[in-house]
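The listed protein sequences correspond, in order, to chains D and V.
Using our numbering, the first residue of the first sequence is number 1, and each one after it goes up by one.
Using our numbering, the first residue of the second sequence is number 267, and each one after it goes up by one.
The C-beta atom is built at its ideal place from N, Cα and C for all residues, glycine as well.
Single-structure report; data block below.
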Amino acid sequence: MQKFYFWALALLTAVMIIPACKDARDDEFAGFGSVEIEFENQAEGDALVFGKNYTNAAGESLQFSLFNYYISNVVLVNENGDRFVAPKDSCYFLCKHDDPDSRLIRINNVPAGNYTGLEFVLGVDSAKSVSPVTERLGVLDPATGASGHYWSWNAGYIFMKMEGNSPASANPDNKFQYHIGLFGGFNSPTLNNLKTMKLTVPAEAARVRQGKEAPHFHMVVDALEVFKSPNVLSIAANPAVHASPFSKNIADNYADMFTIDHVHNH
Amino acid sequence: MKYLSFFLLLALFACRDTQPPVEEPFQGPELPTNFPAPSYDLTLNPVTEAGFNLGKKIFYDRILSRDSTISCADCHISYSAFSHPDHPTSHGIDNLFGRRNAQAVQNMLWEKEFLWDGGVPNLDLVPLNAIQSPVEMDNTPAEVLHRLKQNAEYKAMFKAAFGTEEITTARFLQSLSQFMAMLVSANSPYDHYVRGESGGDLSAEALEGMALFKAKCASCHTTDLFTDHSFRNNGLLDDFSFDKGRYEVSQLPEDIGKFRVPSLRNIEATSPYMHHGNLKTLEEVLDHYASGVKDSPTLDPLLRQPDGTLGIPLTATEKARIISFLKTLTDEKFLRDARFAE
Chain D
1 MQKFYFWALA LLTAVMIIPA CKDARDDEFA GFGSVEIEFE NQAEGDALVF GKNYTNAAGE
61 SLQFSLFNYY ISNVVLVNEN GDRFVAPKDS CYFLCKHDDP DSRLIRINNV PAGNYTGLEF
121 VLGVDSAKSV SPVTERLGVL DPATGASGHY WSWNAGYIFM KMEGNSPASA NPDNKFQYHI
181 GLFGGFNSPT LNNLKTMKLT VPAEAARVRQ GKEAPHFHMV VDALEVFKSP NVLSIAANPA
241 VHASPFSKNI ADNYADMFTI DHVHNH
Chain V
267 MKYLSFFLLL ALFACRDTQP PVEEPFQGPE LPTNFPAPSY DLTLNPVTEA GFNLGKKIFY
327 DRILSRDSTI SCADCHISYS AFSHPDHPTS HGIDNLFGRR NAQAVQNMLW EKEFLWDGGV
387 PNLDLVPLNA IQSPVEMDNT PAEVLHRLKQ NAEYKAMFKA AFGTEEITTA RFLQSLSQFM
447 AMLVSANSPY DHYVRGESGG DLSAEALEGM ALFKAKCASC HTTDLFTDHS FRNNGLLDDF
507 SFDKGRYEVS QLPEDIGKFR VPSLRNIEAT SPYMHHGNLK TLEEVLDHYA SGVKDSPTLD
567 PLLRQPDGTL GIPLTATEKA RIISFLKTLT DEKFLRDARF AE
């Protein structure tokens with residue numbers, strides 16, 4: 001009888017342990033974690049410094065004084081190709097060069113997994129651009145967070161704002177000014193300067209795990225790319241660009257100013 | 267017997283006089299049966315009495331402008347259907363003039379895109395334009411909110427309208443929309459006529475004008491809002507370098523010189539006419555269509571006759587009849603509505 005109890009107990013223990021072991025392995029991909037994306041603005045291969053002299057692709061010397069852009073609709077793609085779409089209520093960011101905190105964005109509630117791809121929109125998507133005022137909060141509030149980044153006469157957000165000066169500019173104080181927006185229009189089509197970035201993690205995947213520190217994407221943003229390709233932008237010829245057909249050329253340029261330099265897993 | 271009825275009558279009036287005036291319960295915006303369903307989603311911003319009162323106070327408050335000299339109502343005056351009479355283009359802060367004629371603010375619930383070029387797709391966002399425009403109020407929305415927050419009366423009014431004292435961008439804009447939502451004009455003799463109500467007896471001349479209007483004007487000024495909400499070039503100018511209209515929003519070359527077809531309601535009260543306010547009378551408007559249409563690549567095809575002539579053929583009698591019809595769109599009740607005036 002004693003023996004029977006022993007074996008019964010042993011069996012019971014085994015029955016309890018085996019699934020527990022299996023759980024421990026699956027656990028790795030259970031639950032949710034976060035990712036952090038840092039946007040480091042650069043020029044000529046180094047951290048961008050306002051007021052420093054640079055040369056653009058047209059050979060013009062220039063200095064920057066402002067460089068801001070909206071990042072929205074972040075999507076993470078895991079090694080199996082599954083897509084995690086950041087929820088609408090927490091996927092809008094306004095990255096300002098002179099405010100480093102604004103350039104470090106965090107996406108929470110990401111299912112644990114190994115992420116090899118990152119997608120996002122430069123700008124504010126058309127659905128949000130026409131959304132009710134009650135849904136325009138934080139960086140989208142035209143009076144506060146989006147102040148200076150909202151066109152009230154052509155209702156929409158300014159996706160990218162770059163300002164500075166250059167001897168090549170004939171404008172007062174040699175200023176240049178690029179305010180690029182236009183989301184494609186509400187009832188009838190207009191120019192659409194929204195650009196979706198689809199980037200691949202260079203080496204090791206970003207490992208998102210429950211209860212672990214968030215992997216850190218280090219994104220390099222080449223400010224001079226705005227002047228470079230596919231369209232060489234000359235400050236002398238176009239010292240100020242706002243809502244005009246020409247703005248498309250600049251949007252096509254900023255579409256490839258982002259690269260994931262590396263991902264840091266903790 | 268004769269005296270009895272006299273005294274009875276007297277007693278009746280006496281009784282009526284002693285009765286306290288009955289407060290009319292607040293009625294939300296009128297949704298006329300001869301209008302389509304509104305484009306504005308009233309469920310997102312239901313109009314309440316407290317919200318309307320708040321919006322009205324803001325509309326008439328000069329602290330919205332940088333130096334507290336100009337209110338919305340200075341350019342949008344109630345007795346002219348909230349347009350700016352005698353001002354071809356807007357007259358704003360520091361006596362600066364804008365490029366465009368201040369539009370009437372009426373039946374906004376049925377409009378889909380705002381301003382002459384349709385630059386703003388939602389009524390709630392329209393006020394930001396005037397507040398920020400350097401030639402209108404030259405202020406920032408943040409500063410306006412800041413000023414309202416300093417004011418105890420506003421705090422109480424926001425609480426009454428939205429439940430708490432918090433003054434947010436959305437609440438500020440929604441209260442203005444609640445005021446503007448109430449500005450419905452649909453009680454002109456024409457409306458009474460189409461709804462078969464009393465007060466709808468139109469003169470024979472006006473009725474003939476209506477038939478002509480339907481044949482010659484209504485393809486753009488579609489009844490009963492008197493606009494099809496589209497953007498068109500009606501041949502006012504042939505050089506649009508000063509104001510390119512819809513193109514400034516769409517950046518599409520085919521939109522140069524196109525402006526939103528305006529409603530013609532209360533047209534008698536909203537002179538001067540057109541986006542630049544360059545026509546003063548309805549006679550000048552009719553002369554424009556009959557013989558003043560200027561050619562340009564985007565001129566509306568409806569204004570090109572098969573024989574190549576431009577404009578809409580109209581005899582002097584036809585013009586007079588159309589004008590007589592246009593005057594049936596004057597809604598005295600709306601223009602003098604005490605709820606909307608300061």
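| message | Can you give me the C-alpha to C-alpha distance between V:Gly577 and V:Val313, rounded to a whole angstrom? | response | What you label residue 577 of chain V is simply residue 311 of the second sequence in a count that begins at 1. What you label residue 313 of chain V is simply residue 47 of the second sequence in a count that begins at 1. Distance between the alpha carbons of V:Gly577 and V:Val313: 43 Å.
| field | Endpoints, alpha helix (DSSP H) assigned at V:Arg587 | value | Taking the second sequence and counting its residues from 1, one reaches residue 587 of chain V at position 321. Start and end: Ala582 to Leu592.
| said: V:Val515 and D:Asn154 - do their beta-carbons sit closer together than 8 Å? | reply: The residue labelled residue 154 of chain D in the question sits at position 154 within the first sequence. The residue labelled residue 515 of chain V in the question sits at position 249 within the second sequence. Yes, these two residues count as a Cβ contact at 8 Å.
| What residue range is occupied by the uninterrupted alpha helix (DSSP H) comprising V:Gln440? | Here residue 440 of chain V refers to the residue found at position 174 of the second sequence. Unbroken alpha helix (DSSP H) run through V:Gln440: Thr435 to Ala447.
| message | Any beta carbon from chain V within less than 8 Å of D:Thr144's own beta carbon? | response | Your numbering for residue 144 of chain D matches position 144 in the first sequence. D:Thr144 counts as touching chain V.
| query | Going along chain V in order, which residues have a C-beta closer than 8 Å to the C-beta of D:Val133? | reply | As a first step, residue 133 of chain D must be located in the first sequence, where it is residue number 133. Correct list: Asn388, Asp390, Leu391, Thr435, Ala436, Leu439 and Gln440.
| Backbone CA spacing between V:Glu608 and D:Lys52 [nearest angstrom] | As a first step, residue 608 of chain V is located in the second sequence; it is residue number 342 there, counting from the start. As a first step, residue 52 of chain D is located in the first sequence; it is residue number 52 there, counting from the start. Rounded to the nearest angstrom, the two C-alpha atoms are 55 Å apart.
| What did DSSP end up calling V:Arg526 once you bin it into helix, strand or coil? | Translated into positions along the second sequence, residue 526 of chain V becomes position 260. V:Arg526: strand per DSSP, three-state reduction.
| field | For V:Thr575, the nearest candidate out of V:Ser557, V:Arg512, V:Arg587 and V:Thr583 (CA to CA) | value | Numbered from 1 along the second sequence, position 309 holds the residue referred to as residue 575 of chain V. The shortest Cα separation from V:Thr575 among V:Ser557, V:Arg512, V:Arg587 and V:Thr583 belongs to V:Ser557.
| query | Which ranges does the alpha helix (DSSP H) cover as unbroken runs of at least 4 residues, wholly within the region 469-500 of chain V, from first to last along the chain? | reply | 470-482
| query | How many Å lie between V:Lys524 and D:Gln42 at the Cα? | reply | The residue labelled residue 524 of chain V in the question sits at position 258 within the second sequence. The residue labelled residue 42 of chain D in the question sits at position 42 within the first sequence. If you take the alpha carbons of V:Lys524 and D:Gln42, they lie about 43 Å apart.
| query | From D:Asp252 to D:Ala243, what does the alpha carbon distance come to, in whole angstroms? | reply | By one-based count along the first sequence, residue 252 of chain D stands at place 252. By one-based count along the first sequence, residue 243 of chain D stands at place 243. D:Asp252 and D:Ala243: Cα-Cα distance of roughly 15 Å.
| Host beta strand (DSSP E) of D:Met197 (start-end) | Working through the first sequence from its first residue, we reach residue 197 of chain D at position 197. Unbroken beta strand (DSSP E) run through D:Met197: Lys195 to Thr200.
| query | How big is the Cα-Cα spacing for D:Asn56 and D:Glu119? | reply | Taking the first sequence and counting its residues from 1, the one referred to as residue 56 of chain D is at position 56. Taking the first sequence and counting its residues from 1, the one referred to as residue 119 of chain D is at position 119. Roughly 27 Å separates the two Cα atoms.
| field | V:Arg413 - containing alpha helix (DSSP H), residue span | value | Here the question's residue 413 of chain V lines up with position 147 in the second sequence. Looking at the DSSP string, the run of the alpha helix (DSSP H) that includes V:Arg413 is Pro407 to Lys415.
| query | Are the region 377-393 of chain V and the region 178-191 of chain D touching, with three or more C-beta to C-beta distances below 8 Å? | reply | yes
| query | Does the Cβ of V:His412 have 16 or more other Cβ atoms within 10 Å, making it buried, or fewer, making it exposed? | reply | Numbered from 1 along the second sequence, position 146 holds the residue referred to as residue 412 of chain V. By the 10 Å Cβ count, V:His412 comes out exposed.
| Applying the criterion that 16 or more other CB atoms from any shown protein chain within 10 Å of the CB defines a buried residue, is V:Lys546 buried or exposed? | Taking the second sequence and counting its residues from 1, the one referred to as residue 546 of chain V is at position 280. Exposed, by the Cβ-count rule.
| field | Buried versus exposed, by CB contacts within 10 Å (16 or more), V:Pro295 | value | One-based indexing of the second sequence puts residue 295 of chain V at position 29. Classification of V:Pro295: buried, given that the 10 Å Cβ count is 16 or more.
| field | Candidates V:Asn395, V:Leu569, V:Val460 and V:Glu534: closest to D:Ser152 by CA position | value | Within the first sequence, residue 152 of chain D is the residue found at index 152, counting from 1. D:Ser152 has its Cα closest to that of V:Asn395, out of V:Asn395, V:Leu569, V:Val460 and V:Glu534.
| said: Let me check understanding here. Comparing Cα to Cα, which of V:Glu290, V:Gln372 and V:Pro302 lies closest to V:Ala637? | reply: What is shown of chain V runs 267 to 608, which leaves residue 637 of chain V out entirely.
| task | Could you check what DSSP says for V:Trp376 in three-state terms: helix, strand or coil? | result | By 1-based counting over the second sequence, the position of residue 376 of chain V is 110. If DSSP states are grouped into helix, strand and coil, V:Trp376 belongs with the helices.
| task | Report the rounded CA-to-CA distance for V:Thr594 versus V:Val460, giving the unit in angstroms. | result | Start at 1 with the first residue of the second sequence, and residue 594 of chain V comes out as number 328. Start at 1 with the first residue of the second sequence, and residue 460 of chain V comes out as number 194. Each residue's alpha carbon lies about 11 Å from the other.
| said: With a threshold of 8 Å between beta-carbons, can D:Ser126 be considered close to chain V, or not? | reply: In the first sequence, the residue the question calls residue 126 of chain D occupies position 126. No, because no Cβ of chain V sits closer than 8 Å to the Cβ of D:Ser126.
| field | Rounded straight-line distance, which links the Cα of V:Ile336 to that of D:Leu224 | value | Working through the first sequence from its first residue, we reach residue 224 of chain D at position 224. Working through the second sequence from its first residue, we reach residue 336 of chain V at position 70. When rounded, the distance between both Cα atoms is 44 Å.
| request: Taking V:Leu518 as the reference, give the member of D:Met257, D:Phe258, D:Ile250 and D:Pro245 with the closest Cα. | output: Walking along the second sequence from the start, residue 518 of chain V turns up at place 252. Minimum Cα distance to V:Leu518 is reached at D:Pro245.
| In chain D, which residues lie less than 7 Å from V:Gly385 when you measure between Cβ atoms? | As a position in the second sequence, residue 385 of chain V is number 119, starting the count at 1. Neighbours of V:Gly385 on chain D, chain order: Trp153, Asn154 and Ala155.
| task | Measure from the C-beta of V:Ser634 to each C-beta in chain D and report whether the shortest distance is under 8 Å. | result | Coverage of chain V is limited to positions 267 through 608, which leaves residue 634 of chain V absent and any answer about it impossible.
| query | Taking V:Asp327 as the reference, which of V:Trp376, V:Asn361, V:Tyr420 and V:Pro351 has the closest Cα? | reply | In the second sequence, the residue the question calls residue 327 of chain V occupies position 61. Considering only alpha carbons, the answer is V:Tyr420.
| For D:Met162, the first and last residue of its enclosing alpha helix (DSSP H) | Taking the first residue of the first sequence as position 1, residue 162 of chain D is located at position 162. Counting along the chain, D:Met162 falls outside any alpha helix (DSSP H), though it belongs to the beta strand (DSSP E) covering Gly156 to Asn165.
| message | Is D:Asp89 close to chain V? Criterion is C-beta to C-beta, closer than 8 Å. | response | Looking up residue 89 of chain D in the first sequence gives position 89. No, D:Asp89 lies away from the interface with chain V (no Cβ there is under 8 Å from its Cβ).
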